[in-house]
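Below is one structure, written out as structure tokens, with a few remarks after it.
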Amino acid sequence: MENISNMSLLSCLVEQTASSIPVVNPANGQTLGFVATHDKLAIENKIQKAKTAQKSWAKTTAKQRADIMQRWYQLLMDNQEDLARIMTLEQGKPLAESRGEVAYGASFLQWFAEEGKRAYGETIPTPLADRRIMTIRQPVGVAAAITPWNFPIAMITRKAAPALAAGCSFVVKPAVQTPLSAYAVAELARQAGLPDDLLVVVTTEDAVMVGELFCQSPDIQKISFTGSTNVGRILMRQSAETVKRVSMELGGNAPFVVFDDADIDLAVKGAIASKFRNAGQTCVCANRFYVHDAVYDEFAEKFAKAVSELKIGDGLEDGVSIGPLIDDKAKEKTQRLLQDAVNEGATIAVGGKALEGQFFEPTILTNVSHTNSIVQEEIFGPIAPLIRFSDEASLIEMANDTIYGLASYFYSKDINRIFRVAEALDYGMVGVNEGVISTEVAPFGGVKQSGIGREGASQGLDEYLNTKYICLGGM
Ligand code: SIN
């Protein structure tokens, strides 16, 4: 692979063998290299090693763990350009977004290095004079994760950082489309001084096998998954047997609301950022736009103009803001949703064409109704359907009319409305006058069928700790 200066980041690439996995550039279909495939026995062995390594790691101090994690953070930032190139090559997102993701991913290492020092227990006032009551927080043990292709670094560090800071070991299966970023991040952990077998990357095309193995293994105490609600349900069912702790960051159907008192230019800026980040392939992308009747035409016109200026292409090219979709399946789904919407009466205001390869024009649809199929499904592609509304009460009903509850967004300048609507939206996250809300310091996660648990912030650490109650008697 050309132009990667820190070649040890690519030490994971192997010669092609019958059992190696090809990694393909979605911008041009070229094979970038191969990574090893691990079978069930190999993964079981790695879990055993992670189990042994965790025991010594748990005995280190939070400060010792933090020192390694701070070095790891710095190495990610020092290698930001190389990591960004690797990410764009295997995932397709524009280089500027990849650089942003490296910094975002690194921020979890820095944040949890410090937060690990604050895994406080409690001393609790006793109801019985001869007893003293206290709690301590302890690592859950071996944590496992299955991470998606849309954020090849950040979705690993958002889970690995709290796990390692808490004193767990961490076994991760990255998406088969984007294993190079995962291996590169693991290589930097090694360079930072993380002892062997604490951060284990396993790669396989057999997602069913690895899901079952992680969920059913009695040696894994916790599983964290980011991906579809359907797969999340399966993993939760499989985890029942071992009563495993689970964190699930699942699908979304984010409403993006523009009220009549909104700053329209700000709303357009937020809409572009929220909808077209990573070509629409994020769980928190705005999925459906509800625009008040009084500002619908103005918003639609300004939004369409901004979308028509977006440059589509290979993410390594200058000025590109829309890269390819991840694979043919994603392109076919985007095409199907668009065709269904048009059949149901939607009008294409801008875009609408599938281009050569895996590219798809950023598209705005007008004349969409709340009941249209495109409004009910998570699009995960660059299509923005615009729906008119005229009163706040029915808007709230439509916004909450979904099984999902991950992110939501609205634009308004009325402070009373801001509190009223933020409280009424049945979502784990609400962006008010802001289209990109992700940060390491805030709890990321959903309600309803968008998931369980939180990542980032102090809540992210709780997911990897058990609280133990200690009762001192005979005092
Ligand atoms: C996701 O799509 O699941 C993650 C998006 C983010 O962290 O902003």
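Residues in the sequence shown are numbered from 203 upward in steps of one, following my numbering.
Glycine included, every Cβ here is placed at the ideal spot set by N, Cα and C.
query	result
Contact under 8 angstroms by Cβ, S222 with A244	no
Residue of G235, T431, Q661 minimising C-alpha distance to V226	G235
A356 beta carbon near the ligand SIN (any heavy atom closer than 7 angstroms)	yes
Chain-order list of residues whose beta-carbon lies under 6 angstroms from that of A346 (same chain, five-residue window excluded)	V373, F416, I422, I425
Inter-residue spacing [alpha-carbon to alpha-carbon] between M438 and L400	24 angstroms
Nearest candidate by alpha-carbon position, reference M600, set F458, T219, R447	F458
Boundaries (first-last residue) of the alpha helix (DSSP H) holding E316	297 to 317
For V225, the first and last residue of its enclosing beta strand (DSSP E)	223 to 226
As assigned by DSSP and simplified to three states, the class of M677	coil
Beta-carbon proximity of G323 to R339, cut-off 8 angstroms	yes
Of the listed residues C487, G429, D465, A469, nearest to A456 (C-alpha basis)	C487
Which of helix, strand or coil DSSP assigns to F582	coil
Bridge partner(s) assigned by DSSP for S449	S426
Beta carbon of I589 nearer than 8 angstroms to that of Y492	yes
Exposure label - V643; buried when at least 16 CB within 10 Å	exposed
Check: F353 C-beta below 7 angstroms from any heavy atom of the ligand SIN	yes
Complete beta strand (DSSP E) runs within the segment 379 to 433 (minimum length 3 residues, chain order)	401 to 403, 424 to 428
Unbroken alpha helix (DSSP H) run spanning M279, endpoints	264 to 280
Three-way DSSP call (helix, strand, coil) for L567 in this model	strand
beta-carbon V649 near the ligand SIN non-hydrogen atom, thresh 7 angstroms	no
Beta-carbon spacing of A388, V404 below 8 angstroms	no
The segment 609 to 628 contacting the segment 504 to 519, beta-carbon criterion three pairs below 8 angstroms	no
Strand pairing of R490, partner residues [DSSP]	P457
Through-space distance from D593 to T290, alpha-carbon basis	43 angstroms
C-beta contact flag for Q256 and P354 at 8 angstroms	no
Proximal residues to E500 (C-beta, below 6 angstroms), its chain only, five neighbours per side dropped	I466
Cβ-Cβ separation, G307 to T233 (assumed contact under 8 angstroms), whole Å	T233 to G307, Cβ: 25 angstroms. No contact.
Proximal residues to A659 (C-beta, below 7 angstroms), its chain only, five neighbours per side dropped	V643, A644, P645
N- and C-terminal bounds of the beta strand (DSSP E) containing I338	334 to 341
Same chain, Cβ closer than 7 angstroms to R447, neighbours up to 5 away in sequence not counted	V342, Q423, K424
Nearest-angstrom Cβ-Cβ length linking S383 and D284, presumed shorter than 8 angstroms	Incorrect: roughly 11 angstroms between the Cβ atoms, too far for contact.
Three-state secondary structure (DSSP) of I620	helix
Any non-hydrogen atom of the ligand SIN within 7 angstroms of E451 CB	yes
Opening and closing residue of the alpha helix (DSSP H) in which K375 lies	Looking at the DSSP string, K375 is not in any alpha helix (DSSP H); the run it does join, the beta strand (DSSP E), is 371 to 375.
Exposure of A442, with buried meaning 16 or more beta-carbon neighbours within 10 Å	exposed
Residue from I335, A365, R334 whose Cα sits closest to the Cα of L311	A365
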